[in-house]
Amino acid sequence: MIRRDGQKQSAGPGIARPLFCDWHRELLDRRAFLARCAGVTVAGLFAPALAATSDATMPLSEAERLALIDAVQLHLFPSEPAAPGAREINALNYLRFVLADARTDADEPAFILNGAGWLEDLSRQRTGQSFLNLDSDARESLLRETAASDVGENWLSTLLLYLMEALLTDPAYGGNPNGIGWRWLEHVPGYPRPDAETIYPRLPL
């Protein structure tokens, strides 16, 4: 799995966001192509095992799916003594903001939340347990298998994109509380910074 090596990154949001957005756009284009392939379901593409059994995912609530996503975020971006992890940068809280944002691409929230269900299905097929109950090594193995499929790789890449955004965003958007990510990166944010009334969802189109 792609995991942080603990070394400080030097790119601030002005550089990192366009790079991640270009990468993400390419992956979304690929996902759209794959989803149009005749006779193949997205759930089946997520991991080969699902195609051989059932296309139906477990009936999970949104809260349960977010709990699974939280566990994946914590695995992809773990806390370290000298560096913030997903928990410290409020990654899940920032993702909730993205999912609720009316300007987010219409298919993005469904793809993110459905991916959690596909991962849970795969976990129960492979281990007989919920992903939430697996130890770190078992989670790593399952996420590596997920990354081996195109749609699974896309789902993980999407989560990584929003992890980076949570690290770099202004705290007004729910991530990077008190600028913890900026301090780690030694980044000085631009001014003026947004407040509750000037965050972009409140600005006119």
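If you read the sequence shown in the numbering used here, its first letter stands for residue 26, the second for the next number, and so on. Positions of the beta carbon are idealized from the N, C-alpha and C atoms, including for glycine. This one's a predicted model, so the numbers in the text were calculated from it and none came from an experiment.
Is it right to say residue 216 is buried, meaning 16 or more other beta carbons lie within 10 angstroms of its own, or is it exposed?
Counted from its first residue, the sequence shown places residue 216 at position 191. With fewer than 16 other Cβ atoms within 10 Å, it is exposed.
Review point. So residue 151 is in the alpha helix (DSSP H); what residue range does that whole segment cover?
Key: As a working mapping, residue 151 is identified with position 126 in the sequence shown. Counting along the chain, the alpha helix (DSSP H) containing residue 151 begins and ends at 132-152.
For the alpha helix (DSSP H) that residue 105 lies in, which residues bound it at each end? Locating residue 105 in the sequence shown gives position 80, counting from the first residue. Per DSSP, residue 105 belongs to no alpha helix (DSSP H) and is neither H nor E.
Problem set entry | residue 118: first and last residue of the uninterrupted alpha helix (DSSP H) it sits in | Counting from 1 along the sequence shown, the entry for residue 118 is found at position 93. Start and end: 116-125.
- Task: Decide if residue 164 is buried, meaning its Cβ has at least 16 other Cβ atoms within 10 Å, or exposed.
- Result: The sequence position of residue 164 within the sequence shown is 139, counting from 1. That one is buried.
ask   = For the candidate residues 109, 119, 140, 110, whose alpha-carbon lies nearest to that of residue 200?
value = Looking up residue 200 in the sequence shown gives position 175. Residue 200 has its Cα closest to that of 119, out of 109, 119, 140, 110.
So, for residue 181: in the same chain, excluding its five sequence neighbours on each side, which residues have a beta-carbon less than 6 Å away from its beta-carbon?
Mapped onto the sequence shown, residue 181 falls at position 156. Around residue 181: 172.
Consult DSSP for residue 155 and reduce its assignment to one of helix, strand or coil. Here the question's residue 155 lines up with position 130 in the sequence shown. Looking at residue 155 - three-state DSSP - the assignment turns out to be coil, as it is neither helix nor strand.
For the alpha helix (DSSP H) containing residue 186, name the first residue and the last one.
Locating residue 186 in the sequence shown gives position 161, counting from the first residue. Start and end: 175-193.
message = Given this structure, state the Cα-to-Cα distance separating residue 108 from residue 94, to the nearest angstrom.
response = Looking up residue 108 in the sequence shown gives position 83. Looking up residue 94 in the sequence shown gives position 69. Residue 108 and residue 94: Cα-Cα distance of roughly 21 Å.
Applying the criterion that 16 or more other CB atoms from any shown protein chain within 10 Å of the CB defines a buried residue, is residue 140 buried or exposed?
Numbered from 1 along the sequence shown, position 115 holds the residue referred to as residue 140. The residue is buried, with at least 16 neighbouring Cβ atoms inside 10 Å.
* Do you know how far the Cα of residue 166 is from the Cα of residue 178? -> In the sequence shown, the residue the question calls residue 178 occupies position 153. In the sequence shown, the residue the question calls residue 166 occupies position 141. In a straight line, the C-alpha of residue 178 is about 14 Å away from that of residue 166.
- prompt: Three-state secondary structure (DSSP) at residue 99?
  reply: Looking up residue 99 in the sequence shown gives position 74. Note: residue 99 maps to helix in three-state DSSP.
- Message: Given a cut-off of 8 Å on the beta-carbon distance, is the pair residue 155 and residue 145 in contact?
- Response: Numbered from 1 along the sequence shown, position 130 holds the residue referred to as residue 155. Numbered from 1 along the sequence shown, position 120 holds the residue referred to as residue 145. Yes, they are a contact pair.
Take the Cβ of residue 84 as the centre, count every other Cβ of all protein chains shown within 10 Å, and call the residue buried at 16 or more, exposed below. Counting from one through the sequence shown, the residue named residue 84 turns up at place 59. Exposed, since its Cβ has fewer than 16 Cβ neighbours within 10 Å.
Could you tell me the distance, in whole angstroms, from the CA atom of residue 202 to the CA atom of residue 208? Residue mapping note: residue 202 aligns to position 177 of the sequence shown, counting from 1. Residue mapping note: residue 208 aligns to position 183 of the sequence shown, counting from 1. Each residue's Cα considered, the two are about 11 Å apart.
Return the Cβ separation of residue 185 and residue 101 in integer angstroms, given the expectation that the two are a contact with Cβ distance under 8 Å. Translated into the one-based positions of the sequence shown, residue 185 becomes position 160. Translated into the one-based positions of the sequence shown, residue 101 becomes position 76. At roughly 6 Å, the Cβ-Cβ gap stays under 8 Å, so residue 185 and residue 101 are in contact.
- Message: Please report the straight-line C-alpha distance between residue 130 and residue 161, rounded to a whole angstrom.
- Response: Taking the sequence shown and counting its residues from 1, the one referred to as residue 130 is at position 105. Taking the sequence shown and counting its residues from 1, the one referred to as residue 161 is at position 136. Computed Cα separation, rounded: 32 Å.
Contact under 8 Å by Cβ, residue 188 with residue 111
Numbered from its first residue, the sequence shown carries residue 188 at position 163. Numbered from its first residue, the sequence shown carries residue 111 at position 86. Yes. Within cutoff.
Discussion item. Quick check on residue 196: buried or exposed, where buried means 16 or more other Cβ atoms within 10 Å of its Cβ?
Written reply: Translated into the one-based positions of the sequence shown, residue 196 becomes position 171. Residue 196 comes out buried.
* With 16 other CB atoms within 10 Å as the buried threshold, where does residue 221 fall? -> In the sequence shown, residue 221 corresponds to position 196, counting from 1. Exposed.
_Beta carbon of residue 113 nearer than 8 Å to that of residue 205_ = In the sequence shown, counting from the first residue as 1, residue 113 sits at position 88. In the sequence shown, counting from the first residue as 1, residue 205 sits at position 180. Yes, the Cβ-Cβ distance between residue 113 and residue 205 is below 8 Å.
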